[in-house]
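Beneath this line is the structure, given in structure tokens, with notes to follow.
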Amino acid sequence: MFKKKILVGALLALVVAASCKKDPVNTETDKDAEKEILFRDSAYYYSLALSLWTDKLPQPKLIGNEPDLKSFTGKFKTAEEVLDELRKSATLDRFSFVDRAGTVSEEIQQGVYKETGATPIFLLESAGSTNANLYIRYVQKNSPAAKAGLIRGMRVVSINGDTKVDYNSESANEFKNAMKFFSGETLKLVVVSPIDGKESTITVTGDAYQIDPIMVNKVIDHNGKKVGYMAYTSFVNLYNNQGQPNSYHTAMENVFKAFEGVDELVIDLRYNGGGSTWSAEYLANQLVPTTHAKALMYKYKVNYVLEDAGLLQPGKAFGPVYFDKKNTLNLKRVYFLGTKQTASASELVINSLKPYMDVQLITVRGNDGSIGTYGKPVGFFESKVVHGYGSYYITSFQMVNKDEFGDYFNGLKGEKTDSYESFALQLGDPNERMFSDALYHITNGTYRSASASMRRTTKSGKPEMEATSIQPQTPHITGMFKFSNEQNLKNILK
């Protein structure tokens, strides 16, 4: 390891230079090739300067006072290959990625998705089944799928005339039919309703749409108590680039005004893979008891490069974050519903609240035996390079709560870990098993036993279905994103 001060200064200088370097004057073809080389080299620059695990990465030699980085990057063709190799050394980093198309900005900052809005899942319909059928797991509000009439629990019989959409057939075909839900294709679907069992044909075309992450919000009367429920699918940014509240912020304000008089609250994050830390902080502020209105919410951990730059100090980019509660909701307990899709910013909210109130986390057990949430206590910020040719999101920080806990890389474990999803019922239905488990605990103070939580027979006479251990992976960007008015490293390091 080289002298820290020399390497820190050299790395910071290189990173800033890489983001500001002028394009070479050449033919368009040469320009593109040169940009790709610069972009590839920047993967190493930025990883050394920003990675939470920079001390685990292959270290460059110093030539004079500058690191010799090309001796490492020259072995690879693309930035993606460089990151893949670096992840072999930083074994906990399964998160850093390259964004060439600006997808993060669209999905998290602007709330714009480009697809049908329906997420498929393969479900076993009976015990001992060796194959699974294709179903709709959930449908985003405002999406083309929602407007076309697709709903959660529909069984997909065929896609564009192809009836071989069962798990075994799709597995052999690299899940090409299932992945069409995340494309811009026009899909002619034959589906069966979970409500009346009738078959119908629905045509949907994937397109850009403005997500409404508040999928369901309601207040129900349950055994003499008012219980609030919100299904929230993404921590889209609640503020614009100038830090001013946007329409998403207004929508959340309205939800929590409706929750002011509730006795209990259930926050359904089962499909929430994360998003903006600002939005996570907003939700935590709404939920924390008033007696802890200004307490420490969480602290950051960063590498020695960023720490030596003073960024952990109060008021700096990674200074401690405190609650700033403004609403009057004052609950002693909150319920969260989670799955392996519950990640990052969702986990940050849950972990930040645990030292201050009774947090009841209800999760499902996967067929592979996994329990709890996804396990991503880390995040990143955007580093635009080569004049916007692309962006890096290098895993740069970890959050820990007031009790210094933040090592949940295997997921947060729930107080109840053997719940399951009732796919034939809509989110927010009091009979839907995950919500029902929360209501049972509200009434009884305990959870159902594992045997009582076993799948029941539905009103239609069919057993409740369970997911296979392998599901189509949504291409949506997930994670914990730190946005600010300064969108590049040079400004963050001021």
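Positions -21 to -1, 1 to 473 (mature numbering (1 follows the signal peptide of the UniProt record, and there is no 0)) are the ones given, in order, by the sequence shown. Positions of the beta carbon are idealized from the N, C-alpha and C atoms, including for glycine.
query, result
"Cutting at 8 Å between CB atoms, please list the residues of its own chain near V234, excluding the five before and the five after it.", "I193, N196 and M209"
"Starting from the C-beta of P123, find all residues in its chain whose C-beta is less than 7 Å away, skip the five residues before and the five after it, and write them out in chain order.", "T95, G96, V183, T184, G185, D186 and Y188"
"Among the residues of its own chain, which have a CB less than 6 Å from the CB of A58, if the five just before and after it don't count?", "F18, R19, A22 and V77"
"Can we say the stretch 331 to 338 touches the stretch 256 to 270, given the rule of at least three CB pairs closer than 8 Å?", "yes"
"Measuring only the C-alpha atoms, how far is I329 from F414?", "17 Å"
"Please check the pair G252 and Q320, which I expect to be a contact at CB under 8 Å, by giving their CB distance rounded to whole angstroms.", "6 Å"
"Could you tell me whether any non-hydrogen atom of the ligand NAD is closer than 7 Å to the CB of K319?", "As for the ligand NAD, it is missing from this structure, which has no ligand bound."
"Have a look at F315, A296 and S137 and flag the residue whose alpha-carbon is nearest the alpha-carbon of N112.", "S137"
"Just to confirm my understanding: we take H228, look at its own chain, exclude 5 residues before and 5 after, and list those with CB closer than 8 Å. What are they?", "L217, Y218 and Y261"
"Can you tell me where the alpha helix (DSSP H) holding R66 begins and where it ends?", "A58 to S68"
"So which of V364, L31 and E45 has the shortest CA-CA distance to T70?", "L31"
"In whole angstroms, what separates the C-alpha of S179 from that of S331?", "46 Å"
"Can you give me the C-alpha to C-alpha distance between R344 and Y283, rounded to a whole angstrom?", "38 Å"
"Output the distance between the C-alpha atoms of P224 and D397, rounded to the nearest integer angstrom.", "39 Å"
"In whole angstroms, what is the alpha-carbon distance linking K155 and R131?", "21 Å"
"Across the stretch 235 to 255 and the stretch 408 to 423, are there enough close Cβ pairs to call them in contact, namely three or more that are closer than 8 Å?", "yes"
"Count the CB pairs spanning the stretch 352 to 363 and the stretch 372 to 380 that are closer than 8 Å, and state whether there are at least three.", "yes"
"My guess is that L291 and V281 are in contact by the Cβ rule of under 8 Å, so how many angstroms apart are they, rounded?", "6 Å"
"Between G424 and chain C, is there a C-beta pair that is closer than 8 Å?", "You won't find chain C in this structure, because it holds only one protein chain."
"Give the straight-line distance between the Cα atoms of S325 and S428, rounded to the nearest whole angstrom.", "27 Å"
"Name the two residues that bound the continuous beta strand (DSSP E) containing P99.", "A97 to L103"
"Find out if the Cβ-Cβ distance for the pair L340, A417 is shorter than 8 Å.", "no"
"Suppose only complete runs of 3+ residues qualify. What are the beta strand (DSSP E) ranges in the stretch 198 to 282, listed by chain order?", "204 to 211, 243 to 247, 253 to 255 and 275 to 280"
"Run through the DSSP bridge pairs and tell me what E94 is partnered with.", "D186"
"In the DSSP assignment, find the unbroken beta strand (DSSP E) run with residue 483 in it and report its ends.", "Because the chain in this structure spans residues -21 to 473, residue 483 falls outside the shown range and cannot be described."
"I'd like to confirm the pairing. Which residues does DSSP put opposite N196 in its beta bridges?", "M209"
"Does the distance from the CB of V365 to the CB of Y371 come in under 8 Å?", "no"
"For F160, which of helix, strand or coil comes out of DSSP?", "helix"
"Report the partner residues of S398 according to the DSSP bridge assignment.", "V343"
"Taking the straight line between their C-alpha atoms, what separation do you get for K54 and D63?", "12 Å"
"Might you give, ordered along the chain, the residues of its own chain that have their beta carbon closer than 8 Å to the beta carbon of L177, omitting 5 neighbours on each side?", "As written in the sequence, residue 177 is Lys, which differs from the Leu given in the question. So the list reads V171, once near-sequence residues are dropped."
"Output yes or no for whether 8 Å exceeds the beta carbon distance between V135 and Y117.", "no"
"For I181, I'd like the list of residues in its chain whose CB is within less than 7 Å of its CB, leaving aside the five on either flank, ordered along the chain.", "A127, G128, L129, L168 and V170"
"Would you kindly check if the distance between the Cβ of A274 and the Cβ of residue 481 is under 8 Å?", "Outside the displayed range of the chain (-21 to 473) lies residue 481, so it cannot be described from this structure."
"L308 to I350, Cα distance in whole Å?", "31 Å"
"In terms of residue numbering, what span does the beta strand (DSSP E) encompassing I174 cover?", "Segment: none, I174 is in no beta strand (DSSP E) and carries neither H nor E."
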